[in-house]
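Enquirer: Provided herewith is a single structure, encoded as structure tokens, for subsequent inquiry.
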Amino acid sequence: MSKEMFQNIEAVIFDMDGTLVDSMWMWRAIDIEYLGRFHIPLPEGLQSRIEGMSFHETAVYFKEHFPIPDSLEEIKAQWNRMAWDKYANEVPLKPGIPKFLEDCRKRGILLGIATSNSRELVENIAGVHSLGEYFGCMMTGSDVERGKPAPDIYLAVARELGVKPDRCLVFEDIVPGIQAGKNAGMKVCAVEDAYSADQKERKQKLADYYIVDYHHIFED
Numbered sequence: 330m331s332k333e334m335f336q337n338i339e340a341v342i343f344d345m346d347g348t349l350v351d352s353m354w355m356w357r358a359i360d361i362e363y364l365g366r367f368h369i370p371l372p373e374g375l376q377s378r379i380e381g382m383s384f385h386e387t388a389v390y391f392k393e394h395f396p397i398p399d400s401l402e403e404i405k406a407q408w409n410r411m412a413w414d415k416y417a418n419e420v421p422l423k424p425g426i427p428k429f430l431e432d433c434r435k436r437g438i439l440l441g442i443a444t445s446n447s448r449e450l451v452e453n454i455a456g457v458h459s460l461g462e463y464f465g466c467m468m469t470g471s472d473v474e475r476g477k478p479a480p481d482i483y484l485a486v487a488r489e490l491g492v493k494p495d496r497c498l499v500f501e502d503i504v505p506g507i508q509a510g511k512n513a514g515m516k517v518c519a520v521e522d523a524y525s526a527d528q529k530e531r532k533q534k535l536a537d538y539y540i541v542d543y544h545h546i547f548e549d
């Protein structure tokens, strides 16, 4: 599979949560805890409604849909504090990522991150896992006008890396992210993740490729 996947590919761009790190599970826990502070139960289907939104867009959604006294900046600051401890102590890299990043670097493939998460958390996660040395660009949803499934963030990362969209391969774990990569004119590989297990068939249909983990991508 790797020979076909990487034909004419000059850059690989990753989403972060559920794609680079195994962290999608924690955001539901944070939503439950945060809303619980205001005695608000977690609405059914909330995660599917906010999938792909940027950190700021998600805060706006919470402010508009729940009786929360916190300002937008206070909401985001609290989420950053709640998430940081989990990222530092409970969130591992997805299986096979260290070797895959090294293999890409050896092959001269440029690497970027395109995440809906906050700048603070992206930089912290990169520091914890020593990822910074691999990535020529780390961009967040706050750096562009529209969140996923709009292509903005993937196009912005490609521009920063100096690579044409059709020479980019995206790794994504959720449907809006896959759509964002495809809308940008890029090849997309869907990544298996327990959080989106119920979306597996749709992910496989939308993406060009599908992997369980990164261990065997370059092993033909």
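Count along the sequence shown from 1, add 329, and you get the number used in the working numbering.
Don't be surprised by glycine CBs; every beta carbon is placed ideally from N, CA and C.
Which residue or residues does DSSP assign as beta-bridge partners of GLU501?
Expert: Along the sequence shown, one-based indexing puts residue 501 at 172. Its beta-bridge partners are ALA519.
Enquirer: Taking C-alpha atoms, which residue in GLY465, ALA412 and GLY506 lies nearest to GLU355?
Expert: For this step, residue 355 is matched to residue 26 along the sequence shown. The residue asked about is misnamed: residue 355 is Met in this sequence, not Glu. MET355 has its Cα closest to that of ALA412, out of GLY465, ALA412 and GLY506.
Enquirer: Buried or exposed: VAL389, going by 16 or more other Cβ atoms within 10 Å of its Cβ?
Expert: In the sequence shown, the residue the question calls residue 389 occupies position 60. VAL389 is exposed by the Cβ-count criterion.
Enquirer: To the nearest whole angstrom, what separates the beta carbons of LEU490 and GLY470, a pair I think is in contact under 8 Å?
Expert: By one-based count along the sequence shown, residue 490 stands at place 161. By one-based count along the sequence shown, residue 470 stands at place 141. About 18 Å separates the Cβ atoms of LEU490 and GLY470, ruling out a contact at the 8 Å cut-off.
Enquirer: Where do the ends of the beta strand (DSSP E) carrying MET382 lie?
Expert: The count along the sequence shown starts at 1 and reaches residue 382 at position 53. Taken as a continuous stretch (DSSP letters only), MET382 belongs to no beta strand (DSSP E), as it is neither H nor E.
Enquirer: Using DSSP's beta-bridge definition, name the partner residues of PHE343.
Expert: Stepping through the sequence shown from its first residue, residue 343 is reached at position 14. ILE442 and PHE500, per the DSSP bridge assignment.
Enquirer: LEU422 by DSSP, collapsed to three states: which one?
Expert: One-based indexing of the sequence shown puts residue 422 at position 93. Correct three-state label for LEU422: strand.
Enquirer: Are the beta-carbon atoms belonging to PHE433 and LEU422 less than 7 Å from one another?
Expert: Looking up residue 433 in the sequence shown gives position 104. Looking up residue 422 in the sequence shown gives position 93. Checking the sequence, you will find Cys at residue 433 rather than Phe. Not in contact: CYS433 and LEU422 (Cβ atoms no closer than 7 Å).
Enquirer: Our contact map puts PHE547 next to SER331 with C-beta atoms below 8 Å; I'd like the distance itself, whole angstroms only.
Expert: For the purposes of this step, residue 547 is taken as residue 218 along the sequence shown, with counting starting at 1. For the purposes of this step, residue 331 is taken as residue 2 along the sequence shown, with counting starting at 1. The pair is a contact, with the Cβ atoms about 5 Å apart (cut-off 8 Å).
Enquirer: By how many angstroms is the C-alpha of ASP542 removed from the C-alpha of ILE404?
Expert: Within the sequence shown, the letter at position 75 stands for residue 404. Within the sequence shown, the letter at position 213 stands for residue 542. Roughly 33 Å separates the two Cα atoms.
Enquirer: Jot down the residue ranges of each uninterrupted beta strand (DSSP E) in the segment 458-485, minimum 3 residues, whole runs only, in chain order.
Expert: 466-469
Enquirer: Can you look up VAL350 in the DSSP assignment and give me helix, strand or coil?
Expert: One-based indexing of the sequence shown puts residue 350 at position 21. Residue state, collapsed to three classes: strand.
Enquirer: Identify which residue in VAL350, ILE397 and ASP344 has its Cα closest to the Cα of ARG366.
Expert: To locate residue 366, count along the sequence shown from 1; it is residue 37. Ranking the options by Cα distance to ARG366, first place goes to ILE397.
Enquirer: Given a cut-off of 7 Å on the beta-carbon distance, is the pair ILE342 and ALA443 in contact?
Expert: Here the question's residue 342 lines up with position 13 in the sequence shown. Here the question's residue 443 lines up with position 114 in the sequence shown. Yes, Cβ-Cβ distance for ILE342 and ALA443 is below 7 Å.
Enquirer: Helix, strand or coil for TYR524? Go by DSSP, reduced to three states.
Expert: Against the sequence shown, residue 524 aligns to sequence position 195. Here TYR524 sits in helix by DSSP.
Enquirer: Evaluate TYR523 with the Cβ neighbour count: other Cβ atoms within 10 Å of its Cβ, from every protein chain shown; 16 or more gives buried, anything less gives exposed.
Expert: Translated into the one-based positions of the sequence shown, residue 523 becomes position 194. Here residue 523 is Ala; the residue named in the question, Tyr, does not match the sequence. That one is exposed.
Enquirer: Following the continuous beta strand (DSSP E) through ILE397, name the residue where it begins and the one where it ends.
Expert: Your numbering for residue 397 matches position 68 in the sequence shown. Here ILE397 belongs to no beta strand (DSSP E), and DSSP marks it neither H nor E.
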